[in-house]
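Participant: So that we are looking at the same thing, I have put the structure below in structure tokens.
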Amino acid sequence: MSISIKDLDENAFRNLKAEAVRRGMRISDAATEAFRLWVALKRQDKVRDQDRMISAAKDIDALRSGSEAGWSGAGEIRRWRDERKR
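Residue numbers (numbering that gives the first Met the number 0): 0 to 85.
Written out as structure tokens, the structure is:
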């Protein structure tokens with residue numbers, strides 16, 4: 000696929016090009032990798048419900064601190080999921 004990108008930061012492009020040359024890559028391959036990495040990084044930052052996540056983390060920490068030897072975190076999560084489905 001051929002594309003044109005307007006208003007690209009010149010230094011960013013030069014750095015990409017230089018790194019691609021150092022690694023023996025085509026610029027298009029380096030740009031494709033950069034696009035994929037950027038998207039993957041942004042998706043990692045996405046938290047759907049941060050308050051719920053924080054609450055769940057606190058619940059897990061409380062369970063861990065008072066847990067007995069046979070307690071299973073995975074089992075507890077399965078139980079929570081089953082309860083939620085009802």
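Glycine is no exception: its CB is placed at the ideal position from the N, C-alpha and C atoms.
Please tell me whether L15 and A30 are closer than 8 angstroms, where the distance is taken between their beta carbons.
Facilitator: Walking along the sequence shown from the start, residue 15 turns up at place 16. Walking along the sequence shown from the start, residue 30 turns up at place 31. Yes, they are a contact pair.
Participant: Ends of the alpha helix (DSSP H) at M52?
Facilitator: Locating residue 52 in the sequence shown gives position 53, counting from the first residue. Counting along the chain, the alpha helix (DSSP H) containing M52 begins and ends at 49–64.
Participant: Could you work out which residue in L7, D28, S71 is closest to M0 when comparing CA atoms only?
Facilitator: Position 1 of the sequence shown holds residue 0. Considering only alpha carbons, the answer is D28.
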